[in-house]
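Sequential numbering from 1 applies to the sequence shown in full-length UniProt numbering.
The beta-carbon is built from N, C-alpha and C at its ideal position, and this holds for glycine as well.
Since this is a predicted model, take the numbers as computed values, not measurements.
Working notes, beginning with the structure itself.
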Amino acid sequence: MDIHVHEAHLKSKYYNLQGVSHNHLSDHLSEVVENTLSDLEASKCITIEDDGDISPLNFSSIASYYYISYTTIERFSSSLTPKTKMKCLLEILASASEYEQLPIRPGEEDVTHRLINHQRFSLENPRCTYPHLKANALLQAHFSRQRVGRNPALDQHEVVLSAGRLLQAMVDVISCNGWLKLALIAMISQMMT
1 MDIHVHEAHL
11 KSKYYNLQGV
21 SHNHLSDHLS
31 EVVENTLSDL
41 EASKCITIED
51 DGDISPLNFS
61 SIASYYYISY
71 TTIERFSSSL
81 TPKTKMKCLL
91 EILASASEYE
101 QLPIRPGEED
111 VTHRLINHQR
121 FSLENPRCTY
131 PHLKANALLQ
141 AHFSRQRVGR
151 NPALDQHEVV
161 LSAGRLLQAM
171 VDVISCNGWL
181 KLALIAMISQ
191 MMT
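And the structure:
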C-alpha cells in the first residue's frame, strides 16, 4: 500500500486525484478499498455485514487456493449451469481473466483461425484477435495433439499450465453447486497431462 501512496502522490493526474494532501490520498485509498470490497461482494467472494465485518465465502477460498482472479471465479459461477455442455465449458474456461494478456502477434490471426476451424468445437465468425479465442484454439489443439508452430507453441505451454489450476477451480465451483454430471464433464483436466 505504501508504494501505491507514493505512486499516487507522484502521479496525481493519472489517479485522478484532486490534490496530493493527506486528506486527498486518504479519500482516494478509502475509495479504492470500498470499490474493491464491493466488487468482491458482487462476485460472491465475501459478505459484508451491517456492522462492517467481512467474511470470506467459498469462492474466495477457491480463488485464493488456486491463485486465480476473483473475476475468473465470478465468470465461472455466473456462466456455469447444470446443463452446460463440453463446448460451452471450454469457452468458459478460455474466457478466464488469466488469459487476457495472451499475446496476439501480427500475422497470428490466420494461424488461430485455421486452428479453431480444424477443432472439434469450431466457432462461427471467430474474432482471431481476441486472446480468449486464441486460448480456446490452443487448448483444443493440445487436446487433439495438433502441432501449432513455434510461437503458438510457447503460448500454448503457458495456456496449458494455467488451465490445470483453472480447471481444478472450475470443478470446485461446480461441486459447490452440487452438479455431479457437470463435474464429470469438467474432468477434462485429465486431458491436460
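Proximity winner among Thr112, Lys87 and Tyr70, relative to Ala96 (alpha-carbon distances): Tyr70
For Gln168 and Tyr66, believed in contact at Cβ under 8 angstroms, the rounded distance: 6 angstroms
Lys44 vs Phe59 beta-carbon contact at 8 angstroms: yes
Rounded C-alpha distance that separates Ala141 from Ile116: 8 angstroms
Nearest-angstrom Cβ-Cβ length linking Leu93 and Leu184, presumed shorter than 8 angstroms: Not quite, the Cβ-Cβ distance comes to about 15 angstroms (not below 8 angstroms), so this is no contact.
Reduced DSSP secondary structure (H/G/I, E/B, other) of Ser55: strand
Backbone secondary structure at Thr71 - three-state DSSP: helix
Strand pairing of Thr47, partner residues [DSSP]: Ser55
Thr173 and Ile73 closer than 8 angstroms at C-beta: A small fix is needed here, since residue 173 is Val in this sequence, not Thr. Taking 8 angstroms as the Cβ cut-off, Val173 and Ile73 qualify as a contacting pair.
Ranges of the alpha helix (DSSP H) found wholly within the UniProt domain "SEC63" (56-190), counting only runs of at least 4: 58-66, 70-79, 86-94, 108-117, 131-143, 150-176 and 180-185
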